[in-house]
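Top line first, the protein sequences correspond to chains A and B. Sequential numbering of the first sequence, starting at 30, is according to the numbering used here. Sequential numbering of the second sequence, starting at 37, is according to the numbering used here.
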Amino acid sequence: MADHNPDGDPTPRTLLRRVLDTADPRTPRRPRSARTGAQRALLETASSRRLSGQTKTIAKGRSRGARSIGRSAHVQARGHLEEQTPRTLLKNILLTAPESSILMPESVVKPVPAPQVVQPSRRESSRSSLELQLPELEPSTTLAPGLLAPGRRKQRLRLSMFQQGVDQGLPLSQEPQGNADASSLTSSLNLTFATPLQPQSVQRPGLARRPPARRAVDVGAFLQDLRDTSLAPPNIVLEDTQPFSQPTVGSPNVYHSLPCTPHTGAEDAEQAAGRRTQSSGPGLQNNRPGKPAQFLAGEAEEVDAFALGFLSTSSGVSGEDEVEPLHNGVEEAEKKMKEEGVSVSEMEATGAQGPSRAEEPEGHTQVTEAEGSQGTAEAEGPGASSGDEDASSRAASPESASGTPESLQARRHHQFPEPAPPPGAAVLSSEPAEPLLVRCPPRPRTTGPRPRQDPHKAGLSHYVKLFSFFAKMPMERKALEMVEKCLDKYFQHLCDDLEVFAAHAGRKTVKPEDLELLMRRQGLVTDQVSLHVLVERHLPLEYRQLLIPCAYSGNSVFPAQ
Amino acid sequence: MALSTIVSQKKQIKRKAPRGFLKRVFKRQKPQLRLEKSGDLLVHLNCLLFVHRLAEESRTNACESKCRVINKEHVLAAAKVILKKSRG
């Protein structure tokens, strides 16, 4: 076997070949001549170094030395082909396998024993993990690692290139094919590694994600809706004749219709709105896009007053795109709101004049669950940023006007609807009279009791968080909602029980004894575990001091027993 | 007041009892009754223990069904048991 690559490129194949040529197939234990023994020692060290170190220079040097010495042993090595040593097997592979081809050879007969695999694996361990797969695959392939050996060098290069390509996002479809290795396994490994990433990036290099086509669609759909639903008259409460000539066309109508409608429809709308906002009280960000949609959709049918505010604000929002919406129907604006509900949340951050607007919205969005007004407030931000200051300020005032009755309503829920509409209507009617630029309106607004749900949920959320903390496991959202319901039920049970206990003791005040009795009945307090123990375990120090009587200096006990 | 404790889970758990919330809930439920001063702390303790038991039970259910995430069903089943236990 002539050395094809004498010094330039000692492939594993050539190195192995040299080893086979020079090294004695027999184990060192066999008696040999001194010279061959010396050769052997030299070669073995060389070969071992070659195999493990993979340094070209050393290999070159050793191989050169080994080659010259080893030629004499070549014949000897030849003679022991029939022995099944790693050397012989490797040699057979080298003999039979074509050097450059990486195709599966039919001529390779002998299965690859483990030691052979060990050697290649040693080399491969220095490479990527992908290549580490190769030795493991050998049982399934007739392709010996010896074959892999010659191809490995090229394979190694290709794989490195491949990896570079992966990093750079180059089309690497050629590489896996080039690597072939018929060990379709390796190529499949490469492919599997590559394919998930490549196809998309190949077509659009540099774009790892989908293009944000959503925006365009929204606008398109939005425009569609504008044109399609040229519905109800622009019931926009635009207080005065601000720059938008188009809106003013509709505004007088709206103007007049506004005071008429509120009384009749306001109440229903407000109630409905209140209810809806109530239900959407928890106001999770996710829910918001949906809620304003329902909210607004419901409103459209009922009252213009609210929609007016929304319209104007949302028209302020859409003002960046078009001015038309201002005098378009309520429904359009609502649909806009729907679509922009998501984008609004993004836009809200951008509102440069948001702070100035925020004053108004904050004024009437005391109730956080008034998502509609929230949406409008946010809409105001972008609307202002788009430069439609006046529109948005105009929008703000009617919107706040509409917001107040709505928020009032929302607060009262369905308990006290009556007081709300009159003040709401009064506010609305007073709206037209107010001057334009009402940036900081100290509006006469009665702050009713906060709605039952929101702080209730807020308080419950404290316990829900504790639940997820105690659980120490990830939880679904629905599970958390379930926990809220359970807590509600639990509180009801608790109050009932305490009432019973207090009544049993002939009292009207619930005392800690009642609580202790309750816990005893629940099985939390036993003869072994007393209440104080539980208090100490679970409550922080400050509460402990309040609950457990402790003696202090001056012969005083706190809390007094 | 002990406002928060940093736990190894990197979650800040407020150990503060929502006293106002508890009082409001009680008042809403039973306007005719009065709650004593430290009564709501004990109520809070009761809630803590209830939630603790509920969480343990849900966790057990989830582990039994070999889920990595606590599901609604786990919580539901746990709630049934624990609510029954918590009946005064």
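Ideal Cβ positions, reconstructed from N, Cα and C, are used throughout, including at glycine.
key: Cβ-based neighbour list, C524(A), same chain, cut-off 7 Å, excluding 5 preceding and 5 following   = Here residue 524(A) corresponds to residue number 495 of the first sequence, with the count starting at 1. Scanning its chain for C-beta atoms nearer than 7 Å, with the 5 sequence neighbours on each side dropped, one finds no residue around C524(A).
### Task
Report yes or no: is there a C-beta of chain B within less than 8 Å of the C-beta of Q590(A)?
For the purposes of this step, residue 590(A) is identified with residue 561 of the first sequence, where counting begins at 1. No, Q590(A) does not count as interfacial toward chain B.
Excluding sequence positions up to five away, which residues of its chain have a Cβ less than 8 Å from the Cβ of P578(A)? Translated into the one-based positions of the first sequence, residue 578(A) becomes position 549. Cβ contact annotation for P578(A) (same chain, cutoff 8 Å, sequence separation greater than five): V586, F587, P588, A589, Q590, in chain order.
Sequence-distant residues of the same chain with beta carbon closer than 6 Å to H110(B), five excluded per side:
Position 74 of the second sequence, counting from 1, holds the residue named residue 110(B). Excluding residues within five positions, the ones whose Cβ falls inside 6 Å are S94, N97, A98.
Review point. Within 8 Å (strictly less), CB to CB, does N107(B) reach chain A?
Key: Position 71 of the second sequence, counted from the start, is the residue given in the question as residue 107(B). Contact with chain A is found for N107(B), since one of that chain's Cβ atoms lies less than 8 Å from the residue's Cβ.
Discussion item. In the DSSP output, which residue or residues are listed as bridge partners for F587(A)?
Written reply: Along the first sequence, read from residue 1 onward, the residue named residue 587(A) stands at position 558. F587(A) is bridged by DSSP to C579(A).
Is the separation between the beta-carbon of I49(B) and that of A508(A) shorter than 8 Å? The count along the second sequence starts at 1 and reaches residue 49(B) at position 13. The count along the first sequence starts at 1 and reaches residue 508(A) at position 479. Not in contact: I49(B) and A508(A) (Cβ atoms no closer than 8 Å).
| query | So, does the CB of F498(A) fall closer than 8 Å to a CB anywhere in chain B? | reply | Translated into positions along the first sequence, residue 498(A) becomes position 469. So yes, F498(A) belongs to the interface.
Tell me the rounded alpha-carbon separation between S582(A) and E510(A). As a position in the first sequence, residue 582(A) is number 553, starting the count at 1. As a position in the first sequence, residue 510(A) is number 481, starting the count at 1. For the pair S582(A) and E510(A), the Cα-to-Cα distance works out to about 49 Å.
| field | Cβ distance (whole Å) where L71(B) is taken to contact V564(A) below 8 Å | value | Taking the second sequence and counting its residues from 1, one reaches residue 71(B) at position 35. Taking the first sequence and counting its residues from 1, one reaches residue 564(A) at position 535. Contact doesn't hold; Cβ gap of about 17 Å is too wide.
Next item on the list: Determine the burial state of R64(B): buried for a count of at least 16 other Cβ atoms within 10 Å of its Cβ, exposed for fewer.
Entry: Numbered from 1 along the second sequence, position 28 holds the residue referred to as residue 64(B). It counts as exposed.
Assuming C515(A) contacts A115(B) under a Cβ cut-off of 8 Å, what Cβ separation, rounded to an integer in Å, is found between them?
Locating residue 515(A) in the first sequence gives position 486, counting from the first residue. Locating residue 115(B) in the second sequence gives position 79, counting from the first residue. About 4 Å separates the two Cβ atoms, so the contact holds.
Discussion item. What does DSSP give as the partner residue(s) for R70(B) in the beta ladder?
Written reply: Position 34 of the second sequence, counted from the start, is the residue given in the question as residue 70(B). Per DSSP, the beta bridge partners of R70(B) are T538(A).
Can you round the beta-carbon distance between D87(B) and Y492(A) to whole angstroms, since I take them to be within the 8 Å contact cut?
Counting from one through the second sequence, the residue named residue 87(B) turns up at place 51. Counting from one through the first sequence, the residue named residue 492(A) turns up at place 463. The sequence given here has Val at residue 87(B), not Asp. 5 Å between Cβ atoms; contact.
Quick check: what's the CA-CA separation for A113(B) versus A500(A)? Against the second sequence, residue 113(B) aligns to sequence position 77. Against the first sequence, residue 500(A) aligns to sequence position 471. Going from the Cα of A113(B) to the Cα of A500(A) covers about 15 Å.
### Query
What residue range is occupied by the uninterrupted alpha helix (DSSP H) comprising G56(B)?
Taking the first residue of the second sequence as 1, we reach residue 56(B) at position 20. Counting along the chain, the alpha helix (DSSP H) containing G56(B) begins and ends at 55-65.
According to DSSP, is M502(A) part of a helix, a strand, or is it coil? The residue labelled residue 502(A) in the question sits at position 473 within the first sequence. Three-state DSSP puts M502(A) in coil, outside helix and strand.
Q) Would L560(A) be called buried (16 or more neighbouring beta carbons within 10 Å of its own) or exposed? A) As a first step, residue 560(A) is located in the first sequence; it is residue number 531 there, counting from the start. L560(A) should be labelled buried.
| field | Q551(A) classed as buried or exposed, judged by whether at least 16 other C-beta atoms fall within 10 angstroms | value | As a working note, residue 551(A) is residue 522 in the first sequence. Counting of Cβ neighbours within 10 angstroms places Q551(A) among the buried residues, the total reaching 16 or more.
Pop quiz: P541(A) and S74(B) are said to be a contact at Cβ under 8 Å. What is the actual Cβ separation, rounded to whole angstroms? Looking up residue 541(A) in the first sequence gives position 512. Looking up residue 74(B) in the second sequence gives position 38. Taking a contact as a CB-CB distance under 8 Å, the pair P541(A) and S74(B) counts as one, their CB atoms being some 6 Å apart.
| said: Give me, in chain order, the residues of the same chain whose beta-carbon lies closer than 7 Å to that of C289(A); leave out the 5 immediate sequence neighbours on both sides. | reply: Here the question's residue 289(A) lines up with position 260 in the first sequence. Interpretation of C289(A) is limited by its pLDDT of 45, a score under 50 that renders its predicted location unreliable; the figure taken from the coordinates is listed afterwards. If the five residues before and after C289(A) are omitted, its C-beta is found closer than 7 Å to no C-beta atom of its own chain.
Could you name the residues that DSSP lists as bridge partners for I106(B)? To locate residue 106(B), count along the second sequence from 1; it is residue 70. Per the DSSP secondary-structure output, I106(B) pairs in a beta bridge with M504(A).
Hey, would you say G488(A) sits closer than 8 Å to F57(B), going by beta carbons? If you number the first sequence from 1, residue 488(A) lands on position 459. If you number the second sequence from 1, residue 57(B) lands on position 21. Taking 8 Å as the Cβ cut-off, G488(A) and F57(B) qualify as a contacting pair.
query = Between the Cα of R89(B) and the Cα atoms of F498(A), P41(A), R47(A), L570(A), which residue gives the shortest distance?
reply = Residue numbering aside, residue 89(B) sits at position 53 when the second sequence is read from its first letter. Considering only alpha carbons, the answer is F498(A).
key: Residue-chain proximity (G552(A), chain D), Cβ-Cβ < 8 Å   = Structure shown: chain D not included; protein chains present are A and B.
- request: Determine, using beta carbons only, whether L575(A) and L77(B) come nearer to each other than 8 Å.
  value: On the first sequence, residue 575(A) is found 546 positions in, with the first residue counted as 1. On the second sequence, residue 77(B) is found 41 positions in, with the first residue counted as 1. The answer is yes: Cβ separation under 8 Å.
Exercise. Look at the Cβ atom of D543(A), then the Cβ atom of A531(A), and state whether they are nearer than 8 Å.
Key: Taking the first residue of the first sequence as position 1, residue 543(A) is located at position 514. Taking the first residue of the first sequence as position 1, residue 531(A) is located at position 502. The Cβ-Cβ distance between D543(A) and A531(A) falls below 8 Å.
* Nearest-angstrom Cα separation, counted from N584(A) out to P484(A) -> As a working note, residue 484(A) is residue 455 in the first sequence. As a working note, residue 584(A) is residue 555 in the first sequence. When rounded, the distance between both Cα atoms is 43 Å.
Could you name the residues that DSSP lists as bridge partners for K514(A)? Position 485 of the first sequence, counted from the first residue, corresponds to residue 514(A). Looking at the DSSP assignment, K514(A) forms no beta bridge with any residue, so it has no partner.
> Span of the alpha helix (DSSP H) holding D76(B)?
Replying inline: On the second sequence, position 40 is the one that residue 76(B) refers to. Its alpha helix (DSSP H) spans residues 75-100.
- Message: If the cut-off is 7 Å on Cβ atoms, which residues from the segment 532-543 of chain A count as contacting chain B, listed in chain order?
- Response: The residues in question are K537, T538, V539, K540, P541.
Note to self: Is any non-hydrogen atom of the ligand GTP found closer than 7 Å to the C-beta of H88(B), if you look at the structure I gave you?
What the structure shows: Ligands displayed in this structure: none; no statement on the ligand GTP is therefore possible.
Indicate whether P569(A) and R51(B) have their beta-carbon atoms separated by less than 8 Å.
Numbered from its first residue, the first sequence carries residue 569(A) at position 540. Numbered from its first residue, the second sequence carries residue 51(B) at position 15. Yes, the pair counts as a contact, with Cβ atoms nearer than the cut-off.
Exercise. If contact means a Cβ-Cβ distance below 9 Å, which residues of the segment 507-527 of chain A contact chain B?
Worked result: Per Cβ criterion, the list reads K507, A508, L509, E510, M511, V512, K514, C515, L516, K518, Y519, F520, Q521, H522, L523, C524, D525, D526, L527.
(message) Considering only the alpha carbon of each residue, which of L85(B), K59(B), P67(B) lies closest to L119(B)?
(response) Taking the second sequence and counting its residues from 1, the one referred to as residue 119(B) is at position 83. The residue with the shortest Cα to Cα distance from L119(B) is L85(B).
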